[in-house]
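Asks: There's a structure below that I have some questions on.
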Amino acid sequence: IVKVEENRIIPENLPKLRKRKFTAFVPVMRGCDNFCSFCNVPYVRGRERSRLAHDILKEVEELVPQGYKEVTLLGQNVNSYGKDLEERIDFAHLLGLVNKIEGIRRIRFTTSHPKDLSDKLIKMMRDLDKVCEHLHLPVQSGSNKVLSGMNRKYTREEYINLVDKLRQAIPEITLTTDIIVGFPGEEEGDFQDTLDLVERVRFDGAFTFCYSPLQGTKASEYRERVPDKVGGGRLRRLIEVQQKITLERNKSLVGKKFEILVEGVSKKSPYELEGRTRGNKIVVFKGKEDLIGRFILARVLKAGCWALKGEIVSC
Ligand code: SF4
């Protein structure tokens, strides 16, 4: 048994360690109230606590003179931002306020729980010019039986419906997800449901995991364990399907032009630079180091699974 943290105050004005020079992570809330059966965050980090909008906006404003151009608003479940605050504010409203800050050109956020992704937030994502066309929306499984065992509080049909709404509102949106295979009680038919969902949604990318029990969580008490060999086999099959889809989706971008925020020298090739599109695709291209930290326009020449190759069109 782990003691749940009771202090509801998030300390402000602590020194921040920022690894990147042009894109910054700004926490908007801590903790989580969802108690997914496989996860220990609610026990380790405590219940949801939102930072005051005033403090978040001040932090983002202070990033501008330091040269930051992109912010990622962070929380375990940003979509429930504000529910614990006295002031009447939700995450969609907060996005609108951050969007008004001059000097910040891109806004991202993570992570979103599907059950809390409101129509209002989708509309704000569509309408706010700085909010990037990328959403990480963990589905975890395509089987309703497994989703129920995970305590995710949505069905595969509701998830697919949400994706349809997102694509209708923002056709060019990049969608990524998290998927766990080998969850206790997952049978071959349940895994097929996951593969089917992956084929239907056609995610741009997925973080895939084989279930492993975390001490103190509800799922660690479940008896119907999936043998490691079976779970490992399912993981390999899932990765194969997703990689094929990722490559196909990336290939569909060849020939198109994208705005890139140049982040630095390519991690794979010291003679090239790399940056990200608004859709969070990594593009590697030849260019001088004085472009780092600037926005350029690049054309995609070639697609791989993990990155795109491009050339500068204008800078
Ligand atoms: S998986 Fe995410 S939403 Fe679920 S309990 Fe953990 S942090 Fe919360």
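Counting from 1181, one number per residue, gives the positions in the sequence shown under the numbering used here. Glycine included, C-beta positions come from ideal geometry on N, C-alpha and C. All figures in this text were calculated on a predicted structure; none of them were measured in a lab.
(1) I need the DSSP call for Phe1289, collapsed to helix, strand or coil.
(2) Please classify Arg1336 as buried or exposed, where buried requires at least 16 other C-beta atoms within 10 Å of its C-beta.
(3) Hey, Gly1211 and Gly1226: beta-carbon distance below 7 Å or not?
(4) Got a sec? Which residues, its chain only, sit under 8 Å from Ile1462 by beta carbon, not counting five neighbours each side?
(5) For the segment 1202–1235, list the beta strand (DSSP E) runs that are entirely contained and at least 3 residues long, ordered along the chain.
(6) Under the criterion of a Cβ to heavy atom distance below 6 Å, does Pro1279 qualify as lining the ligand SF4?
(7) Let's test the definition: count the other Cβ atoms within 10 Å of the Cβ of Pro1393 and tell me whether it reaches 16, buried, or not, exposed.
(8) From Leu1477 to Lys1196, what distance separates their C-alpha atoms?
(9) Looking only at DSSP bridge pairs, what is Ile1357 linked to?
(10) For Ser1494, which three-state DSSP category applies?
(11) Tell me whether Glu1282 sits in a helix, a strand or coil according to DSSP, three-state version.
(12) DSSP beta-bridge partners for Val1445?
(13) Out of Gly1283, Gly1276, Asn1279, Ser1292, point me to the one whose CA is closest to Val1141's CA.
(14) Once DSSP output is grouped into helix, strand and coil, what is the label at Phe1479?
(15) How about Asn1460 and His1314: are their beta carbons less than 7 Å apart?
(16) Got a sec: does the ligand SF4 put a non-hydrogen atom nearer than 6 Å to the Cβ of Gln1395?
(17) Decide if Gly1484 is buried, meaning its Cβ has at least 16 other Cβ atoms within 10 Å, or exposed.
(18) Please state the DSSP three-state secondary structure of Glu1239.
(19) How long is the line joining the alpha carbons of Ile1181 and Gly1467, rounded to whole angstroms?
(20) Since I believe Gly1322 is in contact with Thr1374 (beta carbons under 8 Å), could you give me their beta-carbon distance rounded to a whole number of angstroms?
(21) My output table needs one value for Lys1183: the three-state DSSP class, helix, strand or coil.
(22) Verify the CB distance criterion: does Lys1295 have a CB-CB separation below 7 Å to chain C?
(23) Thr1203: which of Gly1329, Leu1342, Met1209, Leu1441 sits nearest, CA to CA?
(24) Run through DSSP, which three-state label would Val1381 get?
(25) Between Pro1407, Asp1370, Val1206, which lies nearest to Ala1233 when the distance is taken from Cα to Cα?
(26) Using only CA atoms, which one of Ser1400, Pro1450, Leu1243, Ser1260 lies nearest to Arg1200?
(27) DSSP beta-bridge partners for His1316?
(28) Since Ala1272 contacts Leu1301 with CB under 8 Å, what's their CB separation in whole angstroms?
(29) Are the CB atoms of Ala1386 and Gln1423 within a distance shorter than 7 Å?
(30) So, using beta-carbon positions, are Tyr1391 and Ile1360 closer together than 7 Å?
Replies: Taking the structure as given:
(1) strand
(2) It counts as buried.
(3) yes
(4) Glu1454, Gly1455, Arg1456, Trp1486, Ala1487, Leu1488
(5) 1203–1207
(6) Looking at the sequence itself, residue 1279 is Asn, so the reference to Pro does not match. No, the beta carbon of Asn1279 sits no closer than 6 Å to any heavy atom of the ligand SF4.
(7) exposed
(8) 31 Å
(9) Reading off the sequence shown, one finds Thr at residue 1357, where the question assumed Ile. Per DSSP, Ala1386.
(10) strand
(11) coil
(12) Leu1453
(13) Here the chain covers residues 1181 to 1495 and nothing more, so residue 1141 does not appear.
(14) Residue identity differs from the one stated: residue 1479 is Arg in this sequence, not Phe. In the structure shown, Arg1479 sits in a strand (DSSP, three-state: E or B).
(15) yes
(16) no
(17) exposed
(18) helix
(19) Low per-residue confidence applies at Ile1181: pLDDT is 40, beneath 50, and the placement is therefore not dependable, though the value from the model is reported in the following sentence. Each residue's Cα considered, the two are about 54 Å apart.
(20) 4 Å between Cβ atoms; contact.
(21) With a pLDDT of 47 at Lys1183, under the threshold of 50, the modelled position of this residue cannot be trusted; read the value that follows with caution. DSSP places Lys1183 in the coil class of the three-state scheme, outside both helix and strand.
(22) Absence of chain C from the displayed structure is noted, only one protein chain being present.
(23) For the residues Gly1329, Leu1342, Met1209, Leu1441, the minimum Cα distance to Thr1203 belongs to Leu1441.
(24) helix
(25) Val1206
(26) Leu1243
(27) Thr1356
(28) 4 Å
(29) no
(30) yes
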